[in-house]
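Visitor: I have a structure here, written as structure tokens, and I will follow up with some questions on it.
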Amino acid sequence: MQEVNTVSQVNMYIKNLFARDYALKRLRVKGEVSNCKYHSSGHIYFTIKDKTSQLSCVMFSSYRKHLDFRMQEGQSVIVDGSVSVFERDGKYQLYAVAVTQDGAGRLYEEYEKLKKRLLEEGLFDDSRKKKIPEYAKKIGVVTAQTGAVIQDICNVSRRRNPYVQLILFPARVQGEGAHQTIIEGIRYFEKTDVDTVIIGRGGGSIEDLWEFNQEALARVIAGCKKPIISAVGHETDTTIADYVADLRAPTPSAAAELAVFAYREFEIGLREYAYTLNRQMEHILQICKMRAKQYETLIGHAGPEDQIRQKRLLIADSSERMRRIVEQRLTSAKHQLALYIEELKGLSPLDKLQSGYSYVSDQQGKHISSVKEAAVGQTLQLTMADGTLEATVDGIHSGINGGNGADYGKKSDAGGII
Numbered sequence: 024m025q026e027v028n029t030v031s032q033v034n035m036y037i038k039n040l041f042a043r044d045y046a047l048k049r050l051r052v053k054g055e056v057s058n059c060k061y062h063s064s065g066h067i068y069f070t071i072k073d074k075t076s077q078l079s080c081v082m083f084s085s086y087r088k089h090l091d092f093r094m095q096e097g098q099s100v101i102v103d104g105s106v107s108v109f110e111r112d113g114k115y116q117l118y119a120v121a122v123t124q125d126g127a128g129r130l131y132e133e134y135e136k137l138k139k140r141l142l143e144e145g146l147f148d149d150s151r152k153k154k155i156p157e158y159a160k161k162i163g164v165v166t167a168q169t170g171a172v173i174q175d176i177c178n179v180s181r182r183r184n185p186y187v188q189l190i191l192f193p194a195r196v197q198g199e200g201a202h203q204t205i206i207e208g209i210r211y212f213e214k215t216d217v218d219t220v221i222i223g224r225g226g227g228s229i230e231d232l233w234e235f236n237q238e239a240l241a242r243v244i245a246g247c248k249k250p251i252i253s254a255v256g257h258e259t260d261t262t263i264a265d266y267v268a269d270l271r272a273p274t275p276s277a278a279a280e281l282a283v284f285a286y287r288e289f290e291i292g293l294r295e296y297a298y299t300l301n302r303q304m305e306h307i308l309q310i311c312k313m314r315a316k317q318y319e320t321l322i323g324h325a326g327p328e329d330q331i332r333q334k335r336l337l338i339a340d341s342s343e344r345m346r347r348i349v350e351q352r353l354t355s356a357k358h359q360l361a362l363y364i365e366e367l368k369g370l371s372p373l374d375k376l377q378s379g380y381s382y383v384s385d386q387q388g389k390h391i392s393s394v395k396e397a398a399v400g401q402t403l404q405l406t407m408a409d410g411t412l413e414a415t416v417d418g419i420h421s422g423i424n425g426g427n428g429a430d431y432g433k434k435s436d437a438g439g440i441i
């Protein structure tokens with residue numbers, strides 16, 4: 024009875040057959056790249072094909088570090104490696120250890136040399152690059168008259184701003200001498216009033232894009248007075264024109280996005296600016312009105328009329344205060360005067376005279392305050408409330424009412440007792 028094998032046994036057997044074949048261990052296979060995928064693990068999975076067949080390939084991340092270019096669809100490459108079987112899928116594939124571009128090695132070397140030389144000259148410096156106008160009205164496009172590039176640029180431009188004018192300078196973008204037509208287009212637009220110039224073409228191999236790696240074109244781009252956007256190939260394609268241009272776009276559609284401003288967004292922005300400006304103006308006007316009112320008040324206070332009015336009020340206030348002070352002082356003085364009058368009444372001789380007393384003096388007016396100062400026969404003046412009497416001392420008696428004292432005199436001629 025015939026032995027039954029498992030799938031794993033069969034795949035292992037086939038793998039061993041491949042491993043024992045020395046010719047499959049050291050292969051160099053030429054083909055066109057297809058279905059190229061850069062995996063997040065670092066491995067590269069791709070297929071190489073010719074007109075009638077194809078071969079699956081894988082390059083592990085440990086070998087990828089030696090790869091000096093990025094593989095793309097349609098590239099012609101030479102793959103060095105060995106063929107073996109992936110047991111899980113039962114699939115044989117070429118395990119690549121090195122990949123080189125077929126026929127592009129010399130071009131790539133020339134590209135690197137020119138790139139290094141122009142870099143040293145400063146043609147790639149950001150300091151010499153011109154700013155792309157933010158609101159371009161006219162845009163010159165240097166590319167092929169037919170093809171997807173000009174259609175993509177037109178479609179994006181119409182969508183973003185239908186009022187922007189696109190002017191096409193038809194140029195050859197591939198083949199020997201094509202860069203001269205591109206130079207003619209740049210020089211043509213340099214003499215016009217376009218705001219920006221776009222040069223570009225679709226993707227391709229290094230041979231297809233070689234005309235954009237010409238030194239003559241690079242120097243014309245660097246010396247152009249108009250700002251230039253380079254949109255050559257796909258995002259992974261980079262040419263000398265990209266480095267020299269004022270701005271590099273990954274695709275022609277992206278170039279149109281960068282060159283043509285969005286009119287609707289512009290309108291919305293204008294409305295927002297207008298609204299903000301009106302709000303700010305209203306706020307500023309309110310502040311100005313408040314300040315004007317304050318200045319008006321300040322000027323009114325500082326004016327002659329207000330000064331006179333203030334002075335009048337001050338004078339009236341001062342007059343009133345002075346009147347009150349004078350009245351207070353007069354009242355106080357009157358009160359004090361009344362006190363003084365009462366005090367003077369108690370001291371006044373006239374008040375004593377009104378009470379029945381008399382003032383005694385000699386004929387010379389000297390006051391006689393004691394009987395000892397008078398002499399018998401002396402003429403004295405007695406001043407009373409209603410007049411003056413003259414009396415002659417007839418006798419002198421000491422003591423009050425002469426009760427116990429000595430008798431010094433007699434009754435006066437006037438009949439009064441002294």
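First residue of the sequence shown? That's 24 in our numbering, and the numbers climb one at a time after it. Don't be surprised by glycine CBs; every beta carbon is placed ideally from N, CA and C.
1. Taking C-alpha atoms, which residue in 87, 374, 131 lies nearest to residue 118?
2. Name the two residues that bound the continuous alpha helix (DSSP H) containing residue 206.
3. Candidates 245, 156, 191, 187: which alpha carbon is nearest residue 172's?
4. Quick one: what's got a C-beta closer than 8 Å to residue 206's C-beta in the same chain, skipping five residues either side?
5. If you measure between the beta carbons of residue 399 and residue 416, is that distance less than 9 Å?
6. Under 8 Å by Cβ, that's how I've got residue 219 and residue 156 pegged, so tell me the actual separation to the nearest angstrom.
7. Kindly give me the distance between the Cβ atoms of residue 164 and residue 283, rounded to whole angstroms, as I take these residues to be in contact under 8 Å.
8. Could you tell me if residue 304 is buried or exposed, where buried requires 16 or more neighbouring beta carbons within 10 angstroms of its beta carbon?
9. Given a threshold of 16 other Cβ atoms within 10 Å of its Cβ, counted over all protein chains shown, does residue 266 qualify as buried or as exposed?
10. Thinking just about the alpha-carbon of each residue, which of 270, 290, 39, 215 is nearest to the one in residue 148?
11. Compare the C-alpha of residue 208 against each of 136, 199, 162 and name the closest.
12. Would a C-beta distance cut-off of 9 Å place residue 39 and residue 113 closer than the cut-off?
13. In whole angstroms, what is the alpha-carbon distance linking residue 71 and residue 93?
14. Answer yes or no: does any C-beta atom of chain D fall closer than 9 Å to that of residue 197?
15. Within 10 angstroms of its Cβ, does residue 185 collect 16 or more other Cβ (buried), or is it exposed?
16. Which residues share a DSSP beta bridge with residue 51?
17. Return the chain-ordered list of same chain residues with a C-beta closer than 7 Å to the C-beta of residue 96, the five sequence neighbours on each side being excluded.
18. Within this structure, are the beta carbons of residue 107 and residue 42 separated by less than 9 Å?
19. Ignoring anything shorter than 4 residues, give me the alpha helix (DSSP H) runs that lie fully in the segment 107-170, in order along the chain.
Guide: According to the structure data:
1. Locating residue 118 in the sequence shown gives position 95, where the first residue counts as 1. Selected option, being the one with the closest Cα: 87.
2. Along the sequence shown, one-based indexing puts residue 206 at 183. Note, residue 206: alpha helix (DSSP H), 201-213.
3. The sequence position of residue 172 within the sequence shown is 149, counting from 1. Between residue 172 and the set 245, 156, 191, 187, the nearest pair of CA atoms involves 191.
4. Stepping through the sequence shown from its first residue, residue 206 is reached at position 183. So the qualifying residues of the chain are 239, 240, 243.
5. As a first step, residue 399 is located in the sequence shown; it is residue number 376 there, counting from the start. As a first step, residue 416 is located in the sequence shown; it is residue number 393 there, counting from the start. Their beta carbons are under 9 Å apart, which means residue 399 touches residue 416 by this criterion.
6. Position 196 of the sequence shown holds residue 219. Position 133 of the sequence shown holds residue 156. Right, their Cβ atoms sit about 6 Å apart.
7. The residue given as residue 164 occupies position 141 in the sequence shown. The residue given as residue 283 occupies position 260 in the sequence shown. The Cβ separation is near 11 Å, so there is no contact.
8. Counted from its first residue, the sequence shown places residue 304 at position 281. Exposed, by the Cβ-count rule.
9. On the sequence shown, position 243 is the one that residue 266 refers to. Flag for residue 266 reads buried.
10. Working through the sequence shown from its first residue, we reach residue 148 at position 125. Of the candidates 270, 290, 39, 215, 270 places its Cα closest to the Cα of residue 148.
11. Taking the first residue of the sequence shown as 1, we reach residue 208 at position 185. Comparing Cα positions, the closest option is 162.
12. By one-based count along the sequence shown, residue 39 stands at place 16. By one-based count along the sequence shown, residue 113 stands at place 90. Taking C-beta atoms as the reference points, residue 39 and residue 113 fail to come closer than 9 Å.
13. Here residue 71 corresponds to residue number 48 of the sequence shown, with the count starting at 1. Here residue 93 corresponds to residue number 70 of the sequence shown, with the count starting at 1. Residue 71 and residue 93: Cα-Cα distance of roughly 15 Å.
14. This model lacks chain D altogether; it includes just one protein chain.
15. Here residue 185 is taken as the residue at index 162 of the sequence shown, counted from 1. The residue is exposed, with fewer than 16 neighbouring Cβ atoms inside 10 Å.
16. As a working mapping, residue 51 is identified with position 28 in the sequence shown. Note: residue 51 sits in a beta bridge opposite 103.
17. As a first step, residue 96 is located in the sequence shown; it is residue number 73 there, counting from the start. Cβ-Cβ distances below 7 Å link residue 96 to 56, 57, 59 in the same chain, with the five nearest sequence neighbours on each side left out; the list follows chain order.
18. As a first step, residue 107 must be located in the sequence shown, where it is residue number 84. As a first step, residue 42 must be located in the sequence shown, where it is residue number 19. Yes, the Cβ-Cβ distance between residue 107 and residue 42 is below 9 Å.
19. 128-144
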